[in-house]
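Q:
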Amino acid sequence: MKRRAPTIGALAVLCVLALALRLPDLGNRPFHADESVHAVKLWEARQRGGYIYNPDEFHGPTLYYAAAPFLAALGRKSIGDTVEADYRLAAVAVGVLLVALMGLLSDGLGRRATLVAAALAAVSPAMVFYSRYFIQEMLLACFSVGALGAWWRHARSGHPGWAALAGAFLGLMFASKETASVTLAAWLAAWGVAWFLLPMRPRDPIRWRDVVLAASVAALVAAFLLTGFGRNLGAIPDYFRSYAPWFGRAHGTGMHRHGWDYYLRILVGLRAGSPMAWSEALIPALALAGLWVAVGGCRRRAEAAAAASTSEFAGARPVSADRQYVGLPGVRELHLRVAVSALILLAIYSVVPYKTPWCILSPLAGLIILAGLGADAIVDRAGRRRWLAWTAAAVLALSMAALGRQAYADAYRHQTDPANPYVYAQTVHDAEDIQRRAEALASVHPDGYGMVIKVLWTDDYYWPIPWYLRRFQNVGYWTSMPDDPDAPLIFAEPSYDEALTAKLDPTHIMNGYIGLRPRVVAMVWVKMDLWTRYVERLQRERQESGESGEKP
């Protein structure tokens, strides 16, 4: 226990640092359209009495289950009671958990490498930014680190409980997002590469019983969650059918189609004309050093560390260079598999034309682990001269501090700045006028929040409008012109302007435009008598208080 205390204490400090970077002012950015989808779907599941898997881009339910305790603790009874920050608490917790789970790898990477990896995970701008996003990617990255760490613990101890835990994390990955299959494929490919590249073959047989145990637990956990605790068994075939449209979308269309170097440019690129250097180049640079360690540049040091290491966890046994298991890695094998799987995962995501910046999180988690190895090797090599070791450690610490400073700026100063590479199709602040305008008009409508509102769009991408109308009971959505578009309040895509003018011009006023996302706006049509009542009320208030009226 005394040997574990310094590592556990350092990890606790890093978790506090991660929390401090992620928790404040969670409402400082409007809900992204994807976040608004998940918030609305969460409450739809509650109203139905359970989750029903929808293979059309809505992914698995772990995000909803992660948010549920926070919503309950805050006393939220309906979606109308909630604000953006309520949901993002779940993402914050998962982001901090990812930092803590690095500790499972401590006697495989080494204490110093583990703590550097945990520190990088705590201050990485991408990790911080998307730990404040109510989407599945942070859960997928977190659970992948948990699965890798638990399987390593099983390799060290041979205890089936660790195999079961690894399976549980794997099941959570698949219950989070369908792209978990890409991570699993990268791991299996890395296993094969390690088998051929390592100079010695493992002498012990595969522990098929524990492999089957892990796979069974993974399948049960995923099925249990995806079926809504067994209520919707049709979710299982639906889950497999969901891969067909995903393979189609992988080709990328429109704004989501990017070049092969998109993620590399996010990590190491500089934005011309920007006051900030939007770069996480420290992580891939250290990961390159870690790759050198993994393929044998520091082989003797790694073997010595493996032979001398004493586990920090109960039940572990030393791993020697001549006693390794197929599928149950020794230290060198762990290093190689982490390196190869991180590179394969990054390559897969880079080759697929369909790209969004948050998809970098899973490859980035592997690169961060590899970067921990690289930093440890650099300090170790410099340790031959004390002054050089201290210099290397100081440069590393200052570089990570600079990374943390950038993470803070990304999340709190440039959280909606298009120059920020992690800001992508971000909802603009003007969109909040949808809620303000609707509630202002509802205040003079006899039905109040029961006022009928119609949303007319050419496709299903009218989000986040439903989020801003969450307190209204009678909202309808159309993806083509309805026979009767009449309603007290209408939000419509501008392409409907001519048709709405022809049908509503005698009874409605086109009340302007509200921005949703970059280059996306909504027209506002208000029934004339409702607008008149609202203007009259403003005039009365102005006369009574002497304050000027304000357009809703």
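Residue numbering for the sequence shown follows numbering that gives the first Met the number 0, beginning at 0 and increasing consecutively.
Glycine included, C-beta positions come from ideal geometry on N, C-alpha and C.
Keep in mind that this is a model prediction, so the values were computed, not measured.
#1: Out of R469, D485, K76, I359, which has the shortest C-alpha to C-alpha gap to V525?
#2: What residues are listed by DSSP as bridge partners for M522?
#3: Can you tell me whether DSSP reads D459 as helix, strand or coil?
#4: For the structure I just gave you, are there three or more beta carbon pairs, one from the region 162-171 and one from the region 451-462, closer than 8 Å?
#5: In three-state terms, what does DSSP make of Y476?
#6: Exposed or buried, K354, counting other C-beta atoms within 10 Å across all chains shown (16 or more means buried)?
#7: Hey, is the region 206-217 in contact with the region 169-189, meaning 3+ C-beta pairs nearer than 8 Å?
#8: Are L187 and F133 close, meaning C-beta to C-beta below 9 Å?
#9: If you draw a straight line from the C-alpha of P60 to the C-alpha of H444, how long is it?
#10: Under 8 Å by Cβ, that's how I've got V94 and R21 pegged, so tell me the actual separation to the nearest angstrom.
#11: Using a 10 Å radius around the Cβ and a threshold of 16 neighbouring Cβ atoms, would you call R383 buried or exposed?
#12: What residue range is occupied by the uninterrupted alpha helix (DSSP H) comprising G365?
#13: Which runs of the beta strand (DSSP E) spanning at least 3 residues fall entirely within the region 44-96, listed in chain order?
#14: Should D446 be labelled buried (16 or more other beta-carbon atoms within 10 Å of its own) or exposed?
#15: Evaluate contact between the region 72-90 and the region 23-37, counting only Cβ atoms and requiring at least three cross-stretch pairs below 8 Å.
#16: Does W466 pass the burial test, meaning 16 or more other C-beta atoms within 10 Å, or should it be called exposed?
#17: Any chance you could list the alpha helix (DSSP H) runs of at least 4 consecutive residues sitting entirely within the region 413-467, in chain order?
#18: Please determine if the region 427-445 and the region 368-385 are in contact, where contact requires at least 3 C-beta pairs separated by less than 8 Å.
#19: Quickly, what does DSSP pair H507 with across the bridge? List them, please.
#20: For R256, which beta-bridge partners are listed by DSSP?
#21: How is Q135 classed by DSSP in three states: helix, strand or coil?
#22: For S143 and Y348, I'd like the C-alpha separation in whole angstroms.
#23: Can you give me the C-alpha to C-alpha distance between S479 and A410, rounded to a whole angstrom?
#24: So which of A149, V15, A338 has the shortest CA-CA distance to D555?
#25: Consult DSSP for A338 and reduce its assignment to one of helix, strand or coil.
#26: Does the contact criterion of 3 or more C-beta pairs under 8 Å hold for the region 326-343 versus the region 406-423?
#27: Is it a yes or a no for the region 489-501 touching the region 392-407, going by three-plus beta-carbon pairs under 8 Å?
#28: For D483, which three-state DSSP category applies?
#29: By the DSSP assignment, the alpha helix (DSSP H) with F173 in it spans what residues?
#30: Cα separation between A179 and R240?
#31: Thinking A521 and I513 are a contact (beta carbons under 8 Å), I'd like their distance in whole angstroms, please.
#32: Taking all protein chains shown into account, do 16 or more other C-beta atoms lie within 10 angstroms of the C-beta of M254, making it buried, or fewer, making it exposed?
#33: By the three-class DSSP mapping on this structure, what secondary structure does E279 have?
#34: Whole angstroms is fine: what's the gap from W42's alpha carbon to Y64's?
#35: Quick one: any contact between the region 120-140 and the region 6-19, if contact means 3 or more CB pairs under 8 Å?
#36: Given this structure, state the Cα-to-Cα distance separating H553 from P159, to the nearest angstrom.
A: Quick look at the numbers:
#1: D485
#2: A491, Y512
#3: coil
#4: no
#5: strand
#6: buried
#7: yes
#8: no
#9: 38 Å
#10: The displayed chain sequence assigns Gly, not Val, to residue 94. G94 to R21, Cβ: 5 Å. Contact.
#11: exposed
#12: 360-381
#13: none
#14: exposed
#15: yes
#16: buried
#17: 431-441, 464-467
#18: no
#19: K526
#20: Y353
#21: coil
#22: 16 Å
#23: 38 Å
#24: With the chain represented from 0 up to 551, any question about residue 555 goes unanswered, as that position is not in the structure.
#25: helix
#26: no
#27: no
#28: coil
#29: 159-175
#30: 15 Å
#31: 5 Å
#32: exposed
#33: coil
#34: 11 Å
#35: yes
#36: Because the chain spans 0 through 551 in this model, residue 553 falls outside it and cannot be assessed.
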